[in-house]
Amino acid sequence: MNIWHDISPKRITPNDFVAVVEISKGSKKKYELDKETGLILLDRILYTSTHYPANYGFIPRTYGDDLDPLDVLVLCSEPLEPHTLVRCYPIGVISMLDGGRNDEKIIAIPFNDPTYNQYQDINELPTHVFDEMSHFFKVYKELENKETAVKEVSGREEAVRIIEVALNSYVENFCK
4 MNIWHDISPK RITPNDFVAV VEISKGSKKK YELDKETGLI LLDRILYTST HYPANYGFIP
64 RTYGDDLDPL DVLVLCSEPL EPHTLVRCYP IGVISMLDGG RNDEKIIAIP FNDPTYNQYQ
124 DINELPTHVF DEMSHFFKVY KELENKETAV KEVSGREEAV RIIEVALNSY VENFCK
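Remember, my numbering sits 3 above the position in the sequence shown when you count from 1.
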């Protein structure tokens, strides 16, 4: 089974989706989806002293401008292990450029985490949560001499729109 392609499309909608965790909150291990097998592959250990500020992964059956599944940051009271599936809803998005391509990071909440599941939009959370995430994505590749640029942080409505675009792009590119 390839988790990017083989999960039921009924489980992936713009407002309610299963996310696949690649990286646990607090980790410096950068895992990525191996597109051929659907397994998680160690890409590198981060070159910086920073660590992932949230559980990080992707939304299956999506395809972004960066030619990868859409990235997702899962705000959760616990670190989640790689390859964990977690049912989430979006509350916002960090829009950025990475390697000259748009690279959006959907910010999501697990339906089953009582610490976070009362939040519906990023504007309801302390601004420091997003300051920390934005800072991470600005600096996490600096020591590799790679540039990233955080463009903006937007709310739930924009996140839903971006997920819809990525779902349609997946259908156009992989369901012919």
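Note that the Cβ used here is the ideal one computed from N, Cα and C, for glycine as well.
- The Cβ-Cβ distance between I48 and I109 does not fall below 8 Å.
- Under the three-state reduction of DSSP output, K38 falls in the coil class, being neither helix nor strand.
- When DSSP states are grouped into helix, strand and coil, E175 belongs to the helix group.
- By a beta-carbon distance limit of 8 Å, E25 contacts L36. Their separation comes to about 7 Å.
- CA-to-CA, the gap between L128 and P93 works out to about 13 Å.
- For E175, the closest C-alpha among the options L70, A57, N58 and S27 is that of L70.
- When secondary structure is reduced to three states using DSSP, R164 falls in the helix class.
- K154 is a Cβ neighbour of S98, given a cutoff of 8 Å.
- Apart from sequence neighbours up to five positions away, the residues of its chain that approach L100 with a beta-carbon distance below 6 Å are A152, ordered along the chain.
- In the DSSP assignment, S157 is bridged to V96.
- Exclusion of the five residues before and after L73 leaves F61, I62, T65, Y66, G67, E107, I109, I165, I166 and A169 as the residues of its chain whose Cβ lies within less than 8 Å of its Cβ.
- Leaving aside the five residues that flank Y50 on each side, the residues in its chain whose CB is nearer than 7 Å to its CB run, in chain order, L146 and E147.
- Take the alpha-carbon of E135 and the one of V142: they are about 11 Å apart.
- For A57 against L78, the beta-carbon gap comes to about 5 Å, under 8 Å, which counts as contact.
- Closest in C-alpha terms to I6, from the list V21, P17 and K33, comes V21.
- With at least 16 other beta carbons inside 10 angstroms of its own, P17 counts as buried.
- Membership of E25 in the beta strand (DSSP E) is indicated by the continuous run D19 to I26.
- Residue environment analysis places F139 among the buried positions, since at least 16 neighbouring C-beta atoms fall within 10 angstroms of its C-beta.
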